[in-house]
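One line per chain: the protein sequences are B and D, in this order.
Just so it is clear: in the first sequence, position 67 is 66 by numbering that gives the first Met the number 0, and no numbers are missing.
Just so it is clear: in the second sequence, position 66 is 65 by numbering that gives the first Met the number 0, and no numbers are missing.
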Amino acid sequence: MVDADFIELDNLEKVFDVRRKAGFWRREKSEVRAVDGISFTVARGEMVGYIGPNGAGKSTTIKMLTGILTPSGGRLRVAGLDPSRERTKLAQRIGVVFGQRTTLWWDLPLRDSYRLAHRMYRIPDARFAENMERCVELLDLAELLEVPVRQLSLGQRMRGDIAAALLHDPEVLYLDEPTIGLDVVSKAKVREFLRDLNAERGTTVLLTTHDLQDIEQLCKRVMVIDHGRLMYDGALTGLHEVGSGVSERMLVVDLERELPPIDLELVRVVKVEGPRQWLAFPSAASAAPIVAAIAASYPLVDLSVREPDIEAVIAKMYADRGVY
Amino acid sequence: MAETEARGRTLDGIRAYGLIASMWVRSTMAYRASFAMTALGNFAATGFDFVAILMMFSHVDSLGGYSLPEIAFLYGTAGVSFGLSDLVMGSMDRLGRRIRDGTLDTLLVRPAPVLAQVAADRFALRRLGRITQGLLVLGYALLVLDIDWTVVKVLLVPVMLLSGGAIFGAVFVVGAAFQFWAQDASEVQNSFTYGGVTMLVYPPTVFAKDLVRGVTFVIPLAFVNWLPALYVLGRPYPLDVPQWLAFTPPLVAAACMGLAGLAWRAGLRSYRSTGS
Numbered sequence: 000m001v002d003a004d005f006i007e008l009d010n011l012e013k014v015f016d017v018r019r020k021a022g023f024w025r026r027e028k029s030e031v032r033a034v035d036g037i038s039f040t041v042a043r044g045e046m047v048g049y050i051g052p053n054g055a056g057k058s059t060t061i062k063m064l065t066g067i068l069t070p071s072g073g074r075l076r077v078a079g080l081d082p083s084r085e086r087t088k089l090a091q092r093i094g095v096v097f098g099q100r101t102t103l104w105w106d107l108p109l110r111d112s113y114r115l116a117h118r119m120y121r122i123p124d125a126r127f128a129e130n131m132e133r134c135v136e137l138l139d140l141a142e143l144l145e146v147p148v149r150q151l152s153l154g155q156r157m158r159g160d161i162a163a164a165l166l167h168d169p170e171v172l173y174l175d176e177p178t179i180g181l182d183v184v185s186k187a188k189v190r191e192f193l194r195d196l197n198a199e200r201g202t203t204v205l206l207t208t209h210d211l212q213d214i215e216q217l218c219k220r221v222m223v224i225d226h227g228r229l230m231y232d233g234a235l236t237g238l239h240e241v242g243s244g245v246s247e248r249m250l251v252v253d254l255e256r257e258l259p260p261i262d263l264e265l266v267r268v269v270k271v272e273g274p275r276q277w278l279a280f281p282s283a284a285s286a287a288p289i290v291a292a293i294a295a296s297y298p299l300v301d302l303s304v305r306e307p308d309i310e311a312v313i314a315k316m317y318a319d320r321g322v323y
Numbered sequence: 000m001a002e003t004e005a006r007g008r009t010l011d012g013i014r015a016y017g018l019i020a021s022m023w024v025r026s027t028m029a030y031r032a033s034f035a036m037t038a039l040g041n042f043a044a045t046g047f048d049f050v051a052i053l054m055m056f057s058h059v060d061s062l063g064g065y066s067l068p069e070i071a072f073l074y075g076t077a078g079v080s081f082g083l084s085d086l087v088m089g090s091m092d093r094l095g096r097r098i099r100d101g102t103l104d105t106l107l108v109r110p111a112p113v114l115a116q117v118a119a120d121r122f123a124l125r126r127l128g129r130i131t132q133g134l135l136v137l138g139y140a141l142l143v144l145d146i147d148w149t150v151v152k153v154l155l156v157p158v159m160l161l162s163g164g165a166i167f168g169a170v171f172v173v174g175a176a177f178q179f180w181a182q183d184a185s186e187v188q189n190s191f192t193y194g195g196v197t198m199l200v201y202p203p204t205v206f207a208k209d210l211v212r213g214v215t216f217v218i219p220l221a222f223v224n225w226l227p228a229l230y231v232l233g234r235p236y237p238l239d240v241p242q243w244l245a246f247t248p249p250l251v252a253a254a255c256m257g258l259a260g261l262a263w264r265a266g267l268r269s270y271r272s273t274g275s
């Protein structure tokens, strides 16, 4: 195993047989190609974003990388191991955080989950104490240790989960939607922690997300997947270029009262709803002069700018490549 | 090679089971009063079954030709066997829910066998209530019964309890394995475990021959207590089977556990290739 191919997927496939009721006895069988021939490598110490719309195959990929699911075809190696065949061996070397479900013991105090991990992963005492101290401090867990997991808020639980995934010093950390449903402060805390982890410990991080900001703040490299295929693999800036090409940003303005659509250069009014108007403008253009122009000639109360989301960027990629 | 690997996995499983179970015990013991209450509740709730039998015997002198102390012997052996398996494996019926809500995945990313993790989840010492209750009834039966004790008979009693526990445990595991395909199968499993123990409390003479054949040759619950217990009591087995079958519960238990292990592995493999 070379460090450059720390995670290696070669034409990886996962096909599910779906049976659907078609009448009382008959079942129609159909194939769903959740992951349809994906190849990529991730070098040791990289931090990679793995994004795509719902049902694109992100979680299925993660499940194969962690050994939960057995691939239907192709080759897969993580740290030189075959995840599904050497699941428990691999488990010692990876950390997994599922945003939607916790790996913590639901009815027990947070501390119990860590204590169990200490023994189950056979973490040396000194190492455990050190990692524990670090996680408790950086993830702000001190006050939560005696609280049963079910009583934690989503943000607290997520921080608890991240700590649990890291106590055994994993070489790879998989995060499946780690910031889903978190408030702004929790999101910032989680991102900062992950950034430091990657920088200081050289932990390889692979994260799936719906939140483009996660990627912007954490990953230099992004992979976009849809319909089980890899649509894009490269620098984040490249993805932005693709996005800015077509995608427009959206300016939402609240005026003092209901007024006719704002007429301004570069701006296209998309929707008017009472005093609120939605204005699309090219992503490449700066928002400031447009805002200034509006403020100069309209009674402006409030406004917000919306960045193109991942779905919009992906839609654009399809349009450009003529896929489907 | 494969053998040492299998043994390694078994040891890993036992170790993981111990770790998880002791975590739950520690957590229960943090609330001693609550533990005492639930254990007592478990003791009393399972004890009502025996009260029901006592009430029956206030109207009749024998049941299927068996006296009260003989029934108590069957009750005690079945109860302790089942209690042991319930203590160790009673959480297996939660597997279906784990599959439905996706939390089984979180067990698959830990460096320990999944079976051990599922079985040890919510390990509840209060289930000792059932075992205690069964032991008390068994103790009463042994005191009152006039058995012509031999060394073999004396040894057969503890062997019967442990083998019976293992047979019930295997049923728990097979029942759980079916939940990989049908997530609501825990009710079917309950009918064999809880239903099975209810049946074994009564002598085989009160049941239809076909049912007795079924639990002797198909789902070998008769080896939990009927066959060995009737030998100890010096009673003939209602089916025409060789007497040495009374000594085979450990072998039957080992075979059941082997089959259960295979069923479990097949189930888990199916889950990991379908994701359910």
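Backbone N, C-alpha and C define an ideal beta-carbon position, used for all residues, glycine too.
Check                                                                                                                          : Outcome
Residue burial classification, residue 217/D (beta-carbon count within 10 angstroms, cutoff 16)                                : exposed
Residue 168/D: first and last residue of the uninterrupted alpha helix (DSSP H) it sits in                                     : 150-177
Residue 150/B versus residue 283/B - alpha carbon distance                                                                     : 45 Å
Residue-level contact to chain D via CB, residue 149/B, 8 Å cutoff                                                             : no
Delimiting residues of the alpha helix (DSSP H) encompassing residue 318/D                                                     : Shown here, chain D extends from 0 to 275; a query on residue 318/D therefore has no answer.
Host beta strand (DSSP E) of residue 207/B (start-end)                                                                         : 203-208
Pick from 13/D, 79/D, 92/D and 127/D that is closest to residue 186/D, judged by C-alpha positions                             : 92/D
Residues of its chain near residue 111/B, where Cβ-Cβ distance is below 7 Å and the 5 sequence neighbours each way are ignored : 104
Cα-Cα separation between residue 245/D and residue 225/D, rounded to whole angstroms                                           : 8 Å
Spatial neighbours of residue 133/D in its chain, beta-carbon cut-off 7 Å, leaving aside the 5 residues before and after       : 75, 78, 79 and 82
Proximity below 8 Å, CB of residue 31/B to CB of residue 15/B                                                                  : yes
Contacting positions in the segment 77-106 of chain D - beta carbon closer than 8 Å to chain B                                 : 100, 101, 102, 104 and 105
Distance CB(residue 166/B)-CB(residue 130/B) smaller than 8 Å                                                                  : yes
Selection of the segment 62-86 of chain B by Cβ proximity to chain D, strictly under 8 Å                                       : 62, 65, 66, 67, 68, 69, 71, 83 and 86
Under the three-state DSSP convention, the category residue 78/D falls into                                                    : helix
Distance CB(residue 159/D)-CB(residue 227/D) smaller than 8 Å                                                                  : yes
Rounded straight-line distance, which links the Cα of residue 150/D to that of residue 165/D                                   : 23 Å
Below-8 Å beta-carbon distance, residue 13/D vs any chain B residue                                                            : no
Same chain, Cβ closer than 6 Å to residue 139/D, neighbours up to 5 away in sequence not counted                               : 71
CB contact below 8 Å: residue 120/B versus chain D                                                                             : yes
Cutoff 8 Å: residue 265/B Cβ touching any chain C Cβ                                                                           : Given the protein chain composition of this structure (B and D), no chain C is represented.
Distance, residue 90/D Cα to residue 190/D Cα                                                                                  : 15 Å
Three-state secondary structure (DSSP) of residue 183/D                                                                        : coil
7 Å Cβ shell around residue 126/D - same chain, five flanking residues per side excluded                                       : 41, 82, 85, 86 and 89
Contained alpha helix (DSSP H) runs [length at least 4] in the segment 160-232 of chain B, N- to C-terminal order              : 183-200 and 211-217
Under 7 Å from the C-beta of residue 271/D: neighbouring residues of chain B                                                   : 67, 68, 69 and 83
CB contact below 8 Å: residue 274/D versus chain B                                                                             : yes
Per-residue burial, residue 6/B [other beta carbons within 10 Å of its own, 16 or more giving buried]                          : buried
For residue 65/D, the residue or residues it bridges with in DSSP                                                              : 62/D
Chain-ordered neighbours of residue 111/D on chain B, where CB pairs are closer than 9 Å                                       : 87, 90 and 119
Under 9 Å by beta carbon: chain B residues contacting residue 19/D                                                             : 104, 115 and 119
Span separating the alpha-carbon of residue 89/B from that of residue 235/D                                                    : 56 Å
Residue 128/B: first and last residue of the uninterrupted alpha helix (DSSP H) it sits in                                     : 124-137
Supposed close pair residue 45/D, residue 97/D - CB separation, criterion 8 Å                                                  : That belief does not hold up - the Cβ atoms of residue 45/D and residue 97/D are roughly 26 Å apart, past 8 Å.
Cβ-based neighbour list, residue 300/B, same chain, cut-off 6 Å, excluding 5 preceding and 5 following                         : 253 and 255
DSSP beta-bridge partners of residue 42/B                                                                                      : Note: residue 42/B sits in no beta bridge, so no partner.
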